[in-house]
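Quick note: the sequence shown uses numbering that gives the first Met the number 0, first residue 0, plus one each step. Take a look at the structure below.
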Amino acid sequence: MTPESPGDHNSARSTIGVLVRAGARVDLRRHVPEDRDIFVGWYQDAVIAEMLRHDLAPLTSSQARRYFDSIILPATARGTCWAIFEHGSDRLIGSTALVDIDENLATSLFRLVIGDKEKWGQGYGTEATDLVMAEAFLRLSLRQVNLEVFAHNPRAQRA
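This is the structure:
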């Protein structure tokens with residue numbers, strides 16, 4: 000990892016969000032403002048943008064910061080968005096959320112990104128999915144959760 004790499008912001012973290020749900024390899028935690036710089040780095044990455052977004056364009060730093068502050072932090076406060084940490088560490092590796100929740104139908108859409116590319120293909124996303132489904136079905140009493148997957152994202156298709 001280069002010194003400029005977004006993952007390097009993980010070293011010497013002073014604030015980590017409250018633990019929501021623990022797994023064997025990953026933990027779901029509340030996002031905190033200190034997560035912003037790492038998150039911004041992921042959303043500026045062209046490869047990650049291609050996997051997540053239909054327009055395939057990375058966000059600018061300003062766009063990613065606004066998205067984090069206006070969407071991610073408020074959803075975290077509502078209990079529907081979580082930071083994904085490597086279990087037992089202070090390493091932020093991704094973000095996940097339940098969005099477009101319909102309380103009448105008890106349905107939701109599901110989003111997940113493992114932004115730390117060193118953790119791709121190792122089952123972290125699968126375990127994070129399991130933890131989010133526990134939140135969705137056990138805590139929020141949803142009946143259905145749907146994942147939108149793009150044809151060019153085989154990892155999401157496996158989840």
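Ideal Cβ placement from N, Cα and C applies to all residues, glycine included. From a predicted model like this one, the values you see are computed outputs, not experimental measurements.
Would the beta-carbon of residue i fall within 8 Å of that of residue j?
i, j, result
"V112", "S94", "yes"
"I203", "L27", "Residue 203 is absent from the structure shown; the chain starts at 0 and stops at 158."
"H86", "A133", "no"
"Q156", "V144", "no"
"A63", "T79", "no"
"R29", "W81", "yes"
"R65", "W119", "no"
"V98", "L91", "no"
"W41", "G122", "no"
"V31", "T14", "yes"
Identify whether residue i lies in helix, strand or coil by the three-state DSSP scheme.
i, result
"E102", "coil"
"F109", "strand"
"D26", "strand"
"Q143", "strand"
"A161", "The question about residue 161 has no answer here: the residues shown for the chain are numbered 0 through 158."
"T95", "strand"
"R20", "strand"
"F84", "strand"
"A150", "coil"
"T75", "helix"
"R90", "coil"
"Q156", "helix"
"F136", "helix"
Label residue i either buried or exposed according to how many other C-beta atoms from any shown protein chain fall within 10 Å of its C-beta, with 16 as the threshold for buried.
i, result
"V46", "exposed"
"A69", "At residue 69 the sequence reads Ser, which differs from the Ala that was named. Flag for S69 reads exposed."
"T75", "buried"
"T59", "exposed"
"L141", "buried"
"A56", "exposed"
"V131", "buried"
"G124", "buried"
"L51", "buried"
"A135", "buried"
Just checking my contact of residue i with residue j at CB under 8 Å: how many whole Å lie between their CB atoms?
i, j, result
"A127", "V25", "5 Å"
Output yes if chain D places a C-beta closer than 8 Å to the C-beta of residue i; else output no.
i, result
"A74", "This model lacks chain D altogether; it includes just one protein chain."
So does residue i have its beta carbon nearer than 7 Å to some heavy atom of the ligand MG?
i, result
"H30", "Inclusion of the ligand MG in the displayed structure is not the case, the ligand content being empty and no account of it being possible."
Next item on the list: Any chance you could list the alpha helix (DSSP H) runs of at least 4 consecutive residues sitting entirely within the segment 26-72, in chain order?
Entry: 35-42, 45-51, 60-66
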